[in-house]
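K.L.:
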DNA sequence: TTGTGTTTTACGACCTCC
DNA sequence: GGAGGTCGTAAAACACAA
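Numbering (my numbering), first residue to last: 714 to 957.
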């Protein structure tokens, strides 16, 4: 079995937080640490144990070979049944208890790393949701202004709404605009590009869509398709209260 | 050289499963 | 009840900056 197979990229723990100091330190210093240990390992006992001066091993660090073999075994199966524990201990010249402890600690490390990744994932999703909400609020604000002439201030009330409330409000506005359009048509008033009904037609889109109701030509930043993709556009329409 | 922060090894307490 | 699990923590080993 070659090392490429043993330590494939699918397993090797990759530092999730690029800015994390601990993670950043992992690759090079770890290699350095291993080199230093390897340099010292010649002075150990028959098992390769590192002795601390007097020859009484206190907290004995595993050799690279031992650690690698345990790592391989852990990759195959994270739980350690008795047979495997005894076998590994015999193979590595360790006490079965040490093997058990190593697996316990390895599981703990794996868990904390997994939690770290899960946290980052949830945080990213949360940030995206916040951003999405901001877009919806801005869109509602724009629609209110277009249809009523009232200039709403996001900081006054919009940011207090939930995303679903914003969506409902948006649907109501759309229905109102359609009603206005219908009444105007019935009264023989033809909408031009400057009135509210005209604005709705420009923003067009799919009325059934809760978010991507069409790219508003006057406000391209409000396009739903842009929401999670283009940061520059996003920043253009995030209200100032968002940063407060 | 030393102080400090991180990683690794080890243990005890407690829990679950067979 | 025993074996093996998690969780929290202590302490040794280690890297590195000052």
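We put the beta carbon where it would ideally sit given N, CA and C, even for glycine.
Predicted model, so just to flag it, every value in this text is computed and none were measured.
Compute the Euclidean distance between the alpha carbons of residue 824 and residue 791, then round it to the nearest angstrom.
P.N.:
11 angstroms
K.L.:
Taking residue 816 as the reference, which of 856, 854, 785 and 890 has the closest Cα?
P.N.:
785
K.L.:
Compare the beta carbon distance of residue 798 and residue 809 with 8 angstroms and say whether it is the shorter of the two.
P.N.:
Contact: yes.
K.L.:
Are there 16 or more other CB atoms within 10 angstroms of the CB of residue 864, so buried, or fewer, so exposed?
P.N.:
exposed
K.L.:
If you draw a straight line from the alpha carbon of residue 736 to that of residue 852, how long is it in whole angstroms?
P.N.:
At residue 736 the pLDDT is 29, less than 50, meaning the model places this residue with poor confidence; the figure from the coordinates comes in the next sentence. Approximately 41 angstroms, taken between the alpha carbons.
K.L.:
Applying the criterion that 16 or more other CB atoms from any shown protein chain within 10 Å of the CB defines a buried residue, is residue 837 buried or exposed?
P.N.:
exposed
K.L.:
Are the Cβ atoms of residue 876 and residue 849 separated by less than 8 angstroms?
P.N.:
yes
K.L.:
Put residue 982 into one of helix, strand or coil per three-state DSSP.
P.N.:
Residue 982 is absent from the model: the chain starts at 714 and stops at 957.
K.L.:
With DSSP run on the structure shown, which of helix, strand or coil describes residue 806?
P.N.:
coil
K.L.:
Quick check on the burial criterion: 16 or more other C-beta atoms within 10 angstroms. Buried or exposed for residue 898?
P.N.:
Exposed: under 16 other Cβ atoms inside 10 Å.
K.L.:
Classify residue 890 as buried or exposed, calling it buried when 16 or more other Cβ atoms lie within 10 Å of its own Cβ.
P.N.:
buried
K.L.:
Between which two residues does the alpha helix (DSSP H) harbouring residue 788 extend?
P.N.:
777–789
K.L.:
Assuming residue 880 contacts residue 856 under a Cβ cut-off of 8 angstroms, what Cβ separation, rounded to an integer in Å, is found between them?
P.N.:
No, residue 880 and residue 856 are not in contact; Cβ-Cβ is about 12 angstroms, not under 8 angstroms.
K.L.:
Closer than 6 angstroms by C-beta to residue 819: which residues in its own chain qualify, once you throw out the five before and the five after it? Chain order, please.
P.N.:
Excluding sequence positions up to five before and after residue 819, its CB lies within less than 6 angstroms of the CB of 787, all in the same chain and listed in chain order.
K.L.:
Under a three-way DSSP split, which group does residue 793 fall into?
P.N.:
In the structure shown, the three-state DSSP call for residue 793 is coil.
K.L.:
Is it buried or exposed for residue 812, if we count other Cβ within 10 angstroms and need 16 for buried?
P.N.:
Residue 812 should be labelled buried.
K.L.:
Measure the alpha-carbon distance for residue 804 versus residue 789 and round it to whole angstroms.
P.N.:
16 angstroms
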